[in-house]
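The sequence shown begins at 5 in our numbering and counts up by one. Quick reminder that beta carbons are idealized off the backbone N, C-alpha and C, glycines included. Quick notes on the structure that follows.
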Amino acid sequence: MPSIFSAPTRNLDVVTLHEVLRLRQDVFVVEQGCAYPDIDGRDLEPGTVQFWAGEGSVDATLRLLREPDGSERIGRVATAAHARGAGLAASLMEAAIAETRSPVVHIDAQAHLEQWYGRFGFVRSGDDFLEDGIPHIPMTRTR
Numbered sequence: 005m006p007s008i009f010s011a012p013t014r015n016l017d018v019v020t021l022h023e024v025l026r027l028r029q030d031v032f033v034v035e036q037g038c039a040y041p042d043i044d045g046r047d048l049e050p051g052t053v054q055f056w057a058g059e060g061s062v063d064a065t066l067r068l069l070r071e072p073d074g075s076e077r078i079g080r081v082a083t084a085a086h087a088r089g090a091g092l093a094a095s096l097m098e099a100a101i102a103e104t105r106s107p108v109v110h111i112d113a114q115a116h117l118e119q120w121y122g123r124f125g126f127v128r129s130g131d132d133f134l135e136d137g138i139p140h141i142p143m144t145r146t147r
């Protein structure tokens, strides 16, 4: 099993940050065909933590955000095509959840992944919506 890593964005070395951002671009912009501003400024907010998995490469990633209301948000969950099915995203989700401080964690899940996120205690918390042409649902995990 590849190693799991985490660090505040500001503490990442330039190569790791590049690989995290490249993987997000490969999955969301290229593979899923969504032209959107992935580099949205939130990665540099105080409290944002990047998680990634791999052995000498970034094969999966996600970010944990601290929201102004005290809740937290997991987002940008992405796995490289060659690494899917190996449980990397699940390991990252578990690591991110273990790192949360708030009793409330949000995620905007692609609708077809509702049951997958349900494995980690997330439940639907609102109506379906389209984001970049892809059906999403808001989900919340409460301790």
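Item                                                                               : Value
Pairwise C-alpha distance: Arg-80 and Ala-39                                       : 14 Å
Beta-carbon proximity list for Thr-65, same chain, < 6 Å, skipping 5 on both sides : Val-24, Leu-27, Trp-56, Ala-82
DSSP-derived helix/strand/coil call for Ala-82                                     : strand
Whether Pro-1 touches Asp-63 by CB criterion (9 Å)                                 : Given a span of 5 to 147 for the chain in the structure shown, any question on residue 1 remains unanswerable.
Span of the beta strand (DSSP E) around His-22                                     : Counting along the chain, His-22 falls outside any beta strand (DSSP E), though it belongs to the alpha helix (DSSP H) covering 18-28.
Secondary structure of Val-34, DSSP reduced to three states                        : helix
Endpoints, beta strand (DSSP E) assigned at Ile-141                                : 138-146
Straight-line gap, Glu-35 to Val-53 (C-alpha atoms, nearest Å)                     : 25 Å
Alpha carbon of Ile-101 to alpha carbon of Leu-69, nearest angstrom                : 11 Å
For Asp-73: DSSP bridge partner residues                                           : DSSP, once it has assigned bridges, lists no residue as partnering Asp-73.
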